[in-house]
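Here is the structure we will look at.
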Amino acid sequence: MLDAAELSWQRDAFRDDVIAGLSRTPKTLPSRWLYDDRGCRLFEEITQLDEYYPTRTETAILRDHAAAMARFCGAAPVLVEYGAGAAVKTTILLEALRPRLYVPVDIAGDFLAQSAARIARRFPGLPIRPVIADFTADFDLPADLPASAPRCGFFPGSTIGNLDAAETSAFLHRMRAQLGPGGTALIGVDLRKDLGTLLAAYDDCKGVTAAFDLNVLTRINRELDADFPPGGFRHEARWNAAESAVEMHLVSREDCVVTLQGRRFAFRAGESIHTESSRKYDLDGLADVAGPCGWVVEQGWTDSNRLFAVAGLRA
Ligand code: AVJ
Numbered sequence: 001m002l003d004a005a006e007l008s009w010q011r012d013a014f015r016d017d018v019i020a021g022l023s024r025t026p027k028t029l030p031s032r033w034l035y036d037d038r039g040c041r042l043f044e045e046i047t048q049l050d051e052y053y054p055t056r057t058e059t060a061i062l063r064d065h066a067a068a069m070a071r072f073c074g075a076a077p078v079l080v081e082y083g084a085g086a087a088v089k090t091t092i093l094l095e096a097l098r099p100r101l102y103v104p105v106d107i108a109g110d111f112l113a114q115s116a117a118r119i120a121r122r123f124p125g126l127p128i129r130p131v132i133a134d135f136t137a138d139f140d141l142p143a144d145l146p147a148s149a150p151r152c153g154f155f156p157g158s159t160i161g162n163l164d165a166a167e168t169s170a171f172l173h174r175m176r177a178q179l180g181p182g183g184t185a186l187i188g189v190d191l192r193k194d195l196g197t198l199l200a201a202y203d204d205c206k207g208v209t210a211a212f213d214l215n216v217l218t219r220i221n222r223e224l225d226a227d228f229p230p231g232g233f234r235h236e237a238r239w240n241a242a243e244s245a246v247e248m249h250l251v252s253r254e255d256c257v258v259t260l261q262g263r264r265f266a267f268r269a270g271e272s273i274h275t276e277s278s279r280k281y282d283l284d285g286l287a288d289v290a291g292p293c294g295w296v297v298e299q300g301w302t303d304s305n306r307l308f309a310v311a312g313l314r315a
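Quick note: UniProt numbering has the sequence shown finishing at residue 315, numbered continuously throughout.
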């Protein structure tokens, strides 16, 4: 459970982000607020959709190449996972890597504890050191990790695609500092591909992604006492070529004014709130970003359709 202090801190951060984002032109919201309880359940549902290929494709790549990844990372490494809870993927990697220590890092303390407990049941004898931290901000690993073991970072799910350019560089720099010389990293990246496939993955025919996106307005109405009209907005997936990213937008159907905590926000018909960017890479592009941060992209394990890749980086 979240304690009262964490809840009120979250509420304030949510309010500040929503007010700042809706005051901007164009309007925007940080994607992390999509993931309340209902948002997390809807995202789980997304990962099972026919159109949403990333989750099952990455899982298959891990299954097919786990042994090679283990050789790449070296014997008995310390495994640091950025973002905990990729249950199936983490299990596949732990089975192959046989790390001497597993360090899952996540900002959601209760969720982190649950997933660490699940991994502990599945791998009795594996030491686990959960770290509660926002991995998009500065944080330190525990000072007393085994010094001699090679360190391997695991960043699955194409979560790196949600970071903007500055956040991506900051993340790769920090991970390089944390994993040190001799460190390796396994990073899941969604690959650039035809727009039909990309856009369908973010606008499925059952409307689950639309419900996931629109849920943030329901959350704003509920938690911040706002009055977004039900049905007043529609979900749209757009390709931003300059950013090489699929963007999710909530588009206003009519001119309207929304009231939120005594403030009024006007929308013109067709105006949108940008709620998420999901950047698509190729391995050369990843190398260009990672190189200046101290990483060499040595490996790219992919599926036969080249939909997704797990990149192997070496410090
Ligand atoms: C979990 C953030 C990587 O960007 O593909 C899925 C989230 N958004 N459908 C992604 C998401 C809409 C997903 N990430």
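By construction, the Cβ of each residue, glycine as well, lies at the ideal position given by its N, Cα and C atoms.
**Report entry** Contact check, K280 vs L195, beta carbons under 8 Å
**Finding:** no
Query - Beta-carbon proximity list for Y53, same chain, < 8 Å, skipping 5 on both sides - result: T197, A201, L307 and F308
Query raised in the report: With distances taken between CB atoms, is the gap from F233 to V251 smaller than 8 Å?
Result: yes
**Report entry** Separation of L286 from V80, as counted between CA atoms
**Finding:** 20 Å
Query raised in the report: Apart from the five residues just before and just after T28, which ones in its own chain have a Cβ nearer than 8 Å to its Cβ?
Result: G21, I273, H274 and T275
Query raised in the report: Quick one: does the C-beta of I46 sit closer than 7 Å to a heavy atom of ligand 1?
Result: yes
Requested in this report: Would you identify the three-state DSSP class for I107, choosing helix, strand or coil?
Outcome: coil
Report task. Report the rounded CA-to-CA distance for L7 versus F111, giving the unit in angstroms. Result -> 14 Å
**Report entry** Segment contact, 8 Å Cβ cut-off, at least three pairs: the stretch 67-76 with the stretch 88-99
**Finding:** yes
**Report entry** Alpha-carbon to alpha-carbon, R253 and T136
**Finding:** 34 Å
Query raised in the report: By how many angstroms is the C-alpha of E58 removed from the C-alpha of V88?
Result: 11 Å
Report task. For E247, verify whether its CB is less than 7 Å away from any heavy atom of ligand 1. Result -> no
Query - Buried or exposed (CB count within 10 angstroms, at least 16 for buried), V296 - result: exposed
Query raised in the report: When the Cα atoms are used, what is the spatial distance from L62 to T259?
Result: 47 Å
**Report entry** Residues that DSSP places opposite H249 in a beta bridge
**Finding:** E236 and H274
Query raised in the report: Is T209 near ligand 1, with its Cβ less than 7 Å from a heavy atom?
Result: yes
Report task. Please find out if some non-hydrogen atom of ligand 1 comes closer than 7 Å to the beta-carbon of F135. Result -> no
Query - ligand 1 heavy atom lying under 7 Å from the CB of T259 - result: no
Requested in this report: Just list the alpha helix (DSSP H) runs in the stretch 68-152, keeping only unbroken ones of 4 residues or longer that don't cross its boundaries, in chain order.
Outcome: 87-97 and 109-122
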